[in-house]
Amino acid sequence: MGARMGTLYDERLRHHIGNESPRTEAVDAVCPQMIRHWVEVMQDENPAYTDPDWAARSRHGGIVAPGAMMQVWSMAPLWPPRDVDLPIAPIDEILEGEGYTKIVATGQAQTIVALARVGDTVSFTVRLTDVSETDHKTRLGMAYFVTFEYRFTNQDDDLLGTQSFTYMRFKPEPETDEAPAA
Amino acid sequence: MSTDWMTPHLNYDSMAWDAIDEGEELPPVVREVDATLVVVGAVAASRDFYPVHHDKAFAEQSGSPDVFVNILTTNGLMAAYVTNWCGPDWDLVAIDLRLKIPVFPGQTLTTKGAVTRKYEQDGYHALDIGFSADADYGTHCSGTATIRRAESA
Chain A
4 MGARMGTLYD
14 ERLRHHIGNE
24 SPRTEAVDAV
34 CPQMIRHWVE
44 VMQDENPAYT
54 DPDWAARSRH
64 GGIVAPGAMM
74 QVWSMAPLWP
84 PRDVDLPIAP
94 IDEILEGEGY
104 TKIVATGQAQ
114 TIVALARVGD
124 TVSFTVRLTD
134 VSETDHKTRL
144 GMAYFVTFEY
154 RFTNQDDDLL
164 GTQSFTYMRF
174 KPEPETDEAP
184 AA
Chain B
8 MSTDWMTPHL
18 NYDSMAWDAI
28 DEGEELPPVV
38 REVDATLVVV
48 GAVAASRDFY
58 PVHHDKAFAE
68 QSGSPDVFVN
78 ILTTNGLMAA
88 YVTNWCGPDW
98 DLVAIDLRLK
108 IPVFPGQTLT
118 TKGAVTRKYE
128 QDGYHALDIG
138 FSADADYGTH
148 CSGTATIRRA
158 ESA
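In structure tokens:
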């Protein structure tokens, strides 16, 4: 099984690594309303996000959006559908076809370079950065790990930050059926 | 835009560099997770409309006992945990999050943290904060956040 999965990587998965989506603009400009909706849930006490007077006097020079919120600007609208060619789509299709039908996110990492300001338009790209060379035994079943990276910029093409995201696609199977691979 | 009603809830004070010790623990923060936090976190705060975060029947069909907190919300809660502690003069520059088990309505999320590294770099005072959040059945997530502040500030 291990050898066959190695072939899957070499023949069908590997050449997708490095592929990047087109640059896609957020549907909304950065605004105090969306920032506050985030702050309400997180109970974020930073006045840079919600106190215009403090923010204006601060090193930010005005209201900024939390860096941890960067991905929110990239989220797809409920309607109408927004079709963006994501480089992870072919990987998902291949792995799904091979029986790795379930997905669980395992982690993410953000690097915050600059904070988006009210009125900014955020754009993003998504690049496929890694796929595991073979499947791995996990608590949930045999799994491939897929990592992609967002890159967020503003309307001046200044880098706001990056965010890598890793998920695993696994074949659900009972633990007791597990035999050591290869 | 008036935000006077919010002012008493904001933190205008920041931790002084000299007052922070490597190894120091951050005070734990306890948050009751209810369906409102899960759904408003996904739909309103992060515009994540995947039904496992707002539709219990859909969540059950996909093998989950209930709707569960989405990653953007977990990340936001952890980021705010760190920056509410250090105050607004510090900037969060990195947050690395590892997800363990999902958290559902009815559970209690207890977040803890500690200063794992205190250092100076490129004219900044910097701190690495290790954090983890435990729910009823075990660890929901853990990770590391890096915050910094200009030495001249």
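Line by line, the protein sequences are chains A and B.
Sequential numbering from 4 applies to the first sequence in this note's numbering.
Sequential numbering from 8 applies to the second sequence in this note's numbering.
Ideal Cβ placement from N, Cα and C applies to all residues, glycine included.
Only a predicted model underlies this, so the values are computations on that prediction, with no experimental measurement involved.
Practice task
Can you pull the chain B residues whose beta carbon is under 7 Å from the beta carbon of Ile115 (chain A), in chain order?
Solution key: Working through the first sequence from its first residue, we reach residue 115 (chain A) at position 112. Listed by position along chain B, the residues whose Cβ is nearer than 7 Å to that of Ile115 (chain A) are Leu99, Val100 and Ala101.
Exercise for the section: Label Pro175 (chain A) either buried or exposed according to how many other C-beta atoms from any shown protein chain fall within 10 Å of its C-beta, with 16 as the threshold for buried. Expected result: Here residue 175 (chain A) refers to the residue found at position 172 of the first sequence. Exposed is the call here.
Practice task
Check the DSSP bridge columns for Pro175 (chain A) and list the partner residues they point to.
Solution key: Taking the first sequence and counting its residues from 1, the one referred to as residue 175 (chain A) is at position 172. For Pro175 (chain A), which the question treats as bridged, DSSP gives the partners A:Gly144.
Exercise for the section: Verify whether the separation of the beta carbon atoms of Tyr147 (chain A) and Val134 (chain A) is less than 9 Å. Expected result: On the first sequence, position 144 is the one that residue 147 (chain A) refers to. On the first sequence, position 131 is the one that residue 134 (chain A) refers to. Between Tyr147 (chain A) and Val134 (chain A), the CB-CB gap stays under 9 Å.
Practice task
Kindly say whether Met78 (chain A), judged by its beta-carbon, lies nearer than 9 Å to any beta-carbon of chain B.
Solution key: Taking the first residue of the first sequence as 1, we reach residue 78 (chain A) at position 75. A Cβ of chain B is located within less than 9 Å of the beta carbon of Met78 (chain A).
Exercise for the section: Using a cut-off of 9 Å between C-beta atoms, extract the partners of Leu33 (chain B) located in chain A. Expected result: Residue 33 (chain B) sits at position 26 when you count from the first residue of the second sequence. Going along chain A, no residue has its Cβ under 9 Å from Leu33 (chain B), so there is no contact; the nearest lies around 14 Å.
Practice task
Would you mind giving the Cβ-Cβ distance between His72 (chain A) and Gly83 (chain B), rounded to the nearest angstrom? I have them listed as a contact below 8 Å.
Solution key: Sequence index remark: in the first sequence, residue 72 (chain A) carries index 69 (1-based). Sequence index remark: in the second sequence, residue 83 (chain B) carries index 76 (1-based). Per the sequence shown, residue 72 (chain A) should be read as Met rather than His. Yes, Met72 (chain A) and Gly83 (chain B) are in contact; Cβ-Cβ is about 7 Å, under 8 Å.
Practice task
Check whether the region 37-49 of chain B touches the region 19-29 of chain B, counting contact only when three or more Cβ pairs, one atom from each stretch, lie closer than 8 Å.
Solution key: Not touching, per the Cβ criterion.
Exercise for the section: Could you pull out every unbroken alpha helix (DSSP H) segment of at least 4 residues lying fully inside the region 62-130 of chain B, listed in chain order? Expected result: The region 62-130 of chain B contains these whole alpha helix (DSSP H) runs: 63-68 and 78-93.
Exercise for the section: Report buried or exposed for Asp180 (chain A), applying the criterion of at least 16 other Cβ atoms within 10 angstroms of its Cβ. Expected result: Counting from 1 along the first sequence, the entry for residue 180 (chain A) is found at position 177. Caution is warranted here: a pLDDT of 46 is assigned to Asp180 (chain A), below 50, making its placement in the model unreliable, and no coordinate value can be reported.
Problem - Proximity test, Cβ basis, 9 Å: Asp180 (chain A) and chain B - result: In the first sequence, residue 180 (chain A) corresponds to position 177, counting from 1. Bear in mind that the predicted position of Asp180 (chain A) carries a pLDDT of just 46, short of 50, making it too unreliable to give a figure here.
Practice task
Please list the segments of the alpha helix (DSSP H) lying wholly inside the region 61-117 of chain A, counting only runs of 4 or more residues, in order along the chain.
Solution key: Taking only runs of at least 4 residues, the alpha helix (DSSP H) segments lying wholly in the region 61-117 of chain A are 92-100.
Practice task
May I have the straight-line CA-CA distance separating Val46 (chain B) from His40 (chain A), to the nearest angstrom?
Solution key: Along the second sequence, one-based indexing puts residue 46 (chain B) at 39. Along the first sequence, one-based indexing puts residue 40 (chain A) at 37. Taking the straight line joining both Cα atoms gives about 12 Å.
Problem - Under the three-state DSSP convention, the category Glu43 (chain A) falls into - result: Taking the first sequence and counting its residues from 1, one reaches residue 43 (chain A) at position 40. Residue state, collapsed to three classes: helix.
Practice task
Compute the beta-carbon to beta-carbon distance between Val67 (chain A) and Arg120 (chain A), rounded to the nearest angstrom, for a pair I have assumed lies under 8 Å.
Solution key: Locating residue 67 (chain A) in the first sequence gives position 64, where the first residue counts as 1. Locating residue 120 (chain A) in the first sequence gives position 117, where the first residue counts as 1. Right, their Cβ atoms sit about 6 Å apart.
Practice task
State the DSSP-derived secondary structure class of Glu14 (chain A), mapped to helix, strand or coil.
Solution key: Stepping through the first sequence from its first residue, residue 14 (chain A) is reached at position 11. Reduced to three states, the DSSP call for Glu14 (chain A) is helix.
Problem - Inter-residue Cα distance where the pair is Leu44 (chain B) and Val107 (chain A) - result: Within the second sequence, residue 44 (chain B) is the residue found at index 37, counting from 1. Within the first sequence, residue 107 (chain A) is the residue found at index 104, counting from 1. One C-alpha to the other measures close to 21 Å.
Practice task
Check Gln36 (chain A) in the structure and name its three-state DSSP category.
Solution key: On the first sequence, residue 36 (chain A) is found 33 positions in, with the first residue counted as 1. Looking at Gln36 (chain A) - three-state DSSP - the assignment turns out to be helix.
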